[in-house]
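Undergrad: Mapped onto my numbering, the consecutive letters of the sequence shown carry residue numbers 12 to 111. Even glycine gets a Cβ: it sits at the ideal position worked out from N, Cα and C. Below is one structure. I have some questions about it.
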Amino acid sequence: NKTDNVKEAIIKTGAQRLRPVLLTTTTTVLGLLPMVTMTNIDFVTREVTRGSPDTQWWVQLSTAIVFGLIFATILTLIVTPSALMLKENIVNWYKKKVTA
């Protein structure tokens, strides 16, 4: 059955893509977290400051990257496979309705 093949392909592809996508997203989000929270870590003087002028330049950029990456991850792992399966279900429903 073609629907079973499509479903199996979607599940297999989702399982293969889950780990690399989540690892990449997690490491990037955690790496940008100090910029999003306006935290400045100075390794020379061993000081941690919040809200310094150095960090204010990067807040908007890092916030856009973090939320864009989270949104893209949801699209990649959930919405795209669901849309592919929905399309296949609609095609099968239409074929059954026409042949009936």
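#1: Which residues does DSSP pair with L61 in a beta bridge?
#2: Quick check on DSSP: helix, strand or coil for A94?
#3: Applying the criterion that 16 or more other CB atoms from any shown protein chain within 10 Å of the CB defines a buried residue, is T38 buried or exposed?
#4: Once DSSP output is grouped into helix, strand and coil, what is the label at V55?
#5: Apply the 10 Å Cβ neighbour rule to S63 and answer buried if 16 or more other Cβ atoms are within range, or exposed otherwise.
TA: Let me lay it out:
#1: First, the residue type needs correcting, since residue 61 is Arg and not Leu in the sequence shown. T50.
#2: Note: A94 maps to helix in three-state DSSP.
#3: exposed
#4: coil
#5: exposed
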